[in-house]
Structure formats: C-alpha cells, structure tokens
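What follows is one structure encoded as structure tokens, with my remarks underneath.
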Amino acid sequence: MRMASWSSFRHPPEGSTFLLPDVNAGVVGVGTDVESALDDLVAARRSRWWCDGPPLRDIEEAKEFVEDVGFCLLFGGREARYPSLREASRDDSRPRLPSGWGDDLEAMWTWKDELPVRGEAWLGKYLSGKQTLIAPGLLADLYEYAGVPEDFHAAHDLGPVAVKVATHLLHEGPTPTRTLRAIFGESAKTVDKAVADLGRKLLVTNYGVEETGSGWASCVLELTARAFTVPSQGSRAERDAGAAACFLDTMITTRPGDLRRAFGWPRERADAALPALSREAPRATPSAARAPGRSG
C-alpha cells in the first residue's frame, strides 16, 4: 500500500471526502476497492491526526492531542505513517530561520520535554525506532511488567550497558544521558543504543532535560514505573485488546502486521487482539473523531 506524504495532509486533493470503508481481506476498516479509498483515507487520517485545524498553541493542547490519538511520533518524517506532534503544531505562517527553526518548533520542543515530567506523556524511541509520545492510558496497556522500579530485571535480551543504565537509575534517580556516558566511560553511540533498547521495552522514559550552558541540553532519563502508573488492570488479553482498539481508532484502518510492527508483538498476539475489532469496524466522521473545540 502506498504511503501518503505529509504534504498531502497539509494540502489535500480538491474534493477529498471522508470515508471509513468496510472490512475486507484482513484489513480492519478497508473496503473492496482499496486504491480508490486511499485518498479518502488520507482525508480521514488528516482529520483524525489534527492536521486540518489550527496548529496546537500550548502545552495543554499538546497534552489533549497526545491523549486523543494515544501515540504519535515527535517528527513525522517524509511519509505520514503515524500522527506527529510536529505536524499537529506546525504553523507555516510563522517566520523561520534558514535552518527551519521557528516559534512553533521551539514551543513543540519545550512541550515534549515537559509532558513526561508532568506525567502526561511517555517519551522515548518506540515507533519505528523514532522518538514517540505515548499517552498514559495506552502506555499502561502496553507495559509488560509488574510496575515496580526493578522491572528491568525481568526483561529479556537487555545488553550489559542497558542493565547498567537501568541499575543506575534505580539507585540514583533521574539522570542526564551525558552523565551516564561519563560514569560508564562509554561512547554516546553505545549509551544511546542501550537507552533505545530500554525504550523499546518501555522501561525508561525521557524525563525533561538538564541545561549545561552552551550547546544542546542533555536529556534526562527515568524509570517508567516510577514516572507513570503501570500496568493497567485486566488480563494481558484484555490490555492487548485495549491497545489494539486505540491503534485502530487512530489509524482508522489496520492489519495485524501493522500492529506487529508498531508494538513489536509476535504474530499470534497481534492476530488475537484484532478479531473482535474486525467484526465491528468503526464508523465516524472527521468532526466526531476530533477532540472538541479544535476546529475553529
């Protein structure tokens, strides 16, 4: 299936209409003529991902956006594969430096650092290995462990540096990545890989930044189980169904393979989470899919 670019989200084809097609060929929400529905799917996702109204203006709207979509990339990249905080907050009417930096980007950069500290969004490398914000409710459904700071001991396949990072956070609390590199005598690449491995398992979250004078601030890390209430109540199957429902609601159409790639689930787990949803594919309109108060 071809992917839409972000330019098509910002400047949709004239005459695009909203459509939620029927279930077909294992795709939840997609009808018989897939190609003819793609432009309608772009329009539907454009609305669902908050790209057809005014840009996000403050951190409260950023929080509302993340809570509404459940998950989003920090930056969308070339293809509109998932919702993006950058695209929802992009304001092309604002002046920009030649580098592309502007007031809207500066505001978004602040929000992504503050939301985890406020307990309003998890942040780390998750979807496609990119910086991802996850709402607390979805995070709790996805979280695999008991919900105690020592959870990393139960994780499989963590490398020695990842274990050292988590152990340091356990005993010392939130720590800047620059400090971790100095303590362990490891390169930035090695520590970043360890942090990414912990993030993919949702064991650590970005937790603000530490200003160090000149240059970029250093990202602070914290154990997810200390920063958020995890996991949610219910059986693993019930929590998987909740996460799958959130994914489908935001993506509008999905297949088990999409779920596997997004959440890193094995085939059997993704297949089990979607059947009930496929029997009741959602029906909605763009205005119903959006949070109130965003269209004007």
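Per the numbering used here: the sequence shown = residues 1050 to 1345.
Note that the Cβ used here is the ideal one computed from N, Cα and C, for glycine as well.
This structure is a prediction, so every number in the text was calculated from the model and none was measured.
In this structure, F1277 is the residue among L1134, F1277, V1214 with its C-alpha nearest to the C-alpha of V1166.
Residue pairing of T1159 in beta bridges, as defined by DSSP: absent, with no partner found. Within the same chain, Cβ atoms closer than 7 Å to the Cβ of A1293 are found at L1308, A1322, L1323, L1326, the five residues on either side in sequence being excluded. By the Cβ neighbour-count rule, R1094 is buried, with 16 or more other Cβ atoms within 10 Å of its own. In this structure, P1104 keeps its C-beta atom at 8 Å or more from the C-beta atom of D1152. Residue range 1267-1272 is occupied by the beta strand (DSSP E) that includes V1269. Nearest C-alpha to D1206 among V1091, L1247, A1111: L1247. The stretch 1209-1221 makes no contact with the stretch 1284-1302; the number of CB pairs closer than 8 Å stays below 3. Put simply, of A1184, L1087, D1289 the residue whose alpha carbon is nearest the alpha carbon of K1161 is A1184. It is roughly 26 Å from the alpha-carbon of S1096 to the alpha-carbon of R1145.
By the Cβ neighbour-count rule, K1174 is buried, with 16 or more other Cβ atoms within 10 Å of its own. Out of S1281, A1243, E1317, the CA that lies nearest to the CA of L1188 is found in S1281. Assignment of R1139 by DSSP, reduced to helix, strand and coil, places it in the coil class. Take G1125, set aside five residues on each side of it, and the residues of its chain with a beta-carbon closer than 7 Å to its own are W1055, S1133, R1135, E1136, in chain order. According to DSSP, residue pairing for I1183 in a beta bridge involves F1120, W1171. Of the other Cβ atoms in all chains shown, 16 or more fall within 10 Å of the Cβ of D1289; this residue is therefore buried. In summary, A1092 is buried, with 16 or more beta-carbon neighbours lying within 10 Å of its beta-carbon over all protein chains present. Under a 10 Å Cβ-count criterion, D1107 is classified as exposed, with fewer than 16 other Cβ atoms of the shown protein chains found around its own Cβ. In the structure shown, E1235 falls within a coil segment according to DSSP collapsed to helix, strand and coil. Around the beta carbon of S1138, a 10 Å sphere encloses 16 or more other beta carbons of the protein chains shown; the residue is thus reported as buried. Restricting attention to T1299, L1251, G1264, T1273, the CA atom closest to the CA of G1313 is found in L1251. L1219 and A1203 have their alpha carbons spaced roughly 14 Å apart.
Comparing alpha carbon positions, the residue from R1304, G1306, V1244 closest to L1172 is V1244.
In the three-state scheme derived from DSSP, where H, G and I count as helix and E and B as strand, P1315 is classed as coil.
Distance from the CA of V1240 to the CA of L1229, rounded to the nearest whole angstrom, comes to 8 Å. Counting of Cβ neighbours within 10 angstroms places A1215 among the buried residues, the total reaching 16 or more. In this structure R1285 is exposed. Its beta-carbon is surrounded by fewer than 16 other beta-carbon atoms within 10 angstroms. DSSP links R1145 through a beta bridge to G1151.
For L1164, same chain residues with a beta-carbon under 6 Å away, outside a window of 5 residues either side, are A1170 in chain order. Just so you know, the alpha carbons of A1274 and Y1256 end up roughly 12 Å apart. Along the stretch 1178-1226, the alpha helix (DSSP H) occurs as fully enclosed runs of 4 or more residues at 1185-1191, 1209-1221, listed in sequence order.
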